[in-house]
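Notes to accompany the following structure.
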Amino acid sequence: MDKKQRILLTMLELSAKNGLNATPISKVAKEANVAVGTIYHYYDTKEDIVKELYTMIVQDLARMLVLNRDQTKPFKEQYRQLWINFYNYFISNPSAFYFMDIVAIPPIIDSEEVDKNVIHYKGMKDFMIQGIENKHLKNVDLKLLMQMAFGNLITISRIRLREELEMDDKQIEDAIEMSWDCIRLIE
């Protein structure tokens, strides 16, 4: 692992554990075993590190979301696979989850940075639009639809990572079903 990767990984782990305000560059340098000047060789500001981490996680998550999605299956089954992929990504990457939980909302990550990264979720957005057009999903604002679909997943991931609920297979299936019930079109 090169120095830049060590810096990013250390910033991810420390900020996920302690929060951004309790993660000064000096602590990142010490934990990454690099000089403070080395960090500033790669990044102008702490915010630049945060933005790069945000983009890396968004790209990684977007790739994982569409894994194993069989487009020949019924829409609900495809949705279930997206939901499971999203959940498994965060459960397997708790530092990424906690980091995103801290920074993924303005003002830490500004709307310009969010907009730059929207392209990575194109596959998921297209899937949701297809669901609306094919009358599988409610015809509501896409942002609202996605929040209702996956907002509960964030909460479920948080509960699981904090070990407040085991989230066994039945509980996961129950959560998926409740999420689906929230967004599906009922005629």
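As numbered in the working numbering, the sequence shown has no gaps in its residue numbers, which increase by one up to the final residue, 753.
Using N, Cα and C, we set each Cβ at its ideal position, and we do this for glycine too.
Since this is a predicted model, take the numbers as computed values, not measurements.
K617 and S677 have their C-alpha atoms roughly 12 Å apart. Judged by their CB atoms, L648 and R635 are nearer to each other than the 8 Å cut-off.
When rounded, the separation of the alpha-carbon atoms in E753 and L703 is 10 Å. Shown here for S592: same chain residues with a beta carbon closer than 8 Å to its own, the five before and five after excluded, namely V602 in chain order. The beta-carbon separation of F665 and A582, rounded to 5 Å, stays under the 8 Å limit for a contact. Around the beta carbon of T611, fewer than 16 other beta carbons sit within 10 angstroms, so the residue counts as exposed.
Membership of R635 in any alpha helix (DSSP H) is not indicated, and neither H nor E is assigned to it by DSSP. Your pair Y606 and I573 does not check out as a contact, with CB atoms roughly 10 Å apart and the cut at 8 Å.
By the neighbour-count definition (other C-beta atoms within 10 Å, threshold 16), I695 is an exposed residue.
If you look at E597, you'll find it in the alpha helix (DSSP H) that goes I591 to A598.
Inter-residue distance for F641 and K569 is about 44 Å (C-alpha atoms, whole angstroms).
A Cβ-Cβ contact shorter than 8 Å links F652 with L719. In its chain, beyond the 5 residues on either side, T576 and L580 have a beta carbon closer than 7 Å to the beta carbon of E597.
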